[in-house]
Every structure is written in C-alpha cells, then in structure tokens.
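Residue numbering for the sequence shown follows this note's numbering, beginning at 178 and increasing consecutively.
What follows is a short report on a single structure.
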Amino acid sequence: MASNRIVSWGGGKIEWSDDLLVHADQEDDDHREMFALMNQIFSAARLGADMVTQAVADLCLFTREHFAREQHSMEQAGYPGRDDHRYEHEYLIFQLDVLIERLMISGPDYVADELVDLLKRWLCDHILTCDAAFAEFQRGRAVA
C-alpha cells in the first residue's frame, strides 16, 4: 500500500507528507486536520479510556463532516465517480462504527492502535486515489 511509503511514524505519531496534497485547499486542510485528530488518539491513549473515547468521537464527527462537504462538492460538480467515492466513505464509516463498538467493549488498550492503523492506511490510500481523481476532475473543469 502506498500509505506505508508516504506516511511515517515518528515519536508516536503519524507524520503528514505533502505527497498527500490534492491541491484543493479545503480538502487538503481537512486531511491535515484528520491527521492531527488521529495523533490526538495516540496522545489520549496514554491518558485513559475517557480521553480516547472523546478523541475518537472528535475524529468521527470531523470525518463525517468532511465526507458531507466532499460529497456535496462532487454532486455540484457532476463528478461521474461520485457513487463509487461515496461508497468508499460509507465503508470507512462502517469500519469506524465497528471499531468504536469494540472500543466501548474492550477499552482503548485493545483498539486504539488498530483504529489509527486503519485510518492511516485507508485515509492515505483514499487521498491518493479517490480524492486525487476528484481534484483532478475539478481542475480539468476549471480549465475548460
């Protein structure tokens, strides 16, 4: 997977790489914020279950907001790949919901690393494929 080459782990956190830029300001800002929120999960893991639960809730809320913004943009632009892209979003939300349920049952010691690993892999690969393709489509429309 591309995510292992582009994103590195340093000092117990996920380090952003400009290789993930799609050159669309709102999307790039959102992606950076998602990385920051993932790193809050790492930090919270050292502070206890309540802190992890709040950090995960913050990330999930922001992720849903980001997806809604992105899907609205795809609809407005008439992006032909919007249905597949929306499916990708729905699948991640499903995976997050499963991990959150496990977090509530098992506690952060068993789930936090798995959650961040899922997000790291999924988010990077999604940015490099789906989001990059949509950004390219938008740039092509702006030129036309």
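Every residue gets a Cβ at the ideal spot worked out from N, C-alpha and C, and that includes glycine.
Would you say the stretch 302-311 touches the stretch 255-266, given that touching needs at least three Cβ pairs under 8 Å?
yes
For the beta strand (DSSP E) containing residue 191, list its first residue and its last residue.
190-192
Reduced DSSP category for residue 256 - H, G, I as helix; E, B as strand; rest coil:
coil
Between which two residues does the alpha helix (DSSP H) containing residue 318 stretch?
309-320
Contact the stretch 217-232 vs the stretch 279-287: 3+ CB pairs below 8 Å:
yes
Please tell me whether residue 262 and residue 248 are closer than 9 Å, where the distance is taken between their beta carbons.
yes
Starting from residue 209, follow the alpha helix (DSSP H) in both directions and report where the run begins and ends.
202-222
Can you give the Cα-Cα distance for residue 179 and residue 290, rounded to whole angstroms?
With a pLDDT of 45 at residue 179, under the threshold of 50, the modelled position of this residue cannot be trusted; read the value that follows with caution. Going by the C-alpha atoms only, they are around 19 Å apart.
Please confirm if the stretch 262-272 is in contact with the stretch 193-206, defined as three or more CB-CB distances below 8 Å between the two stretches.
no
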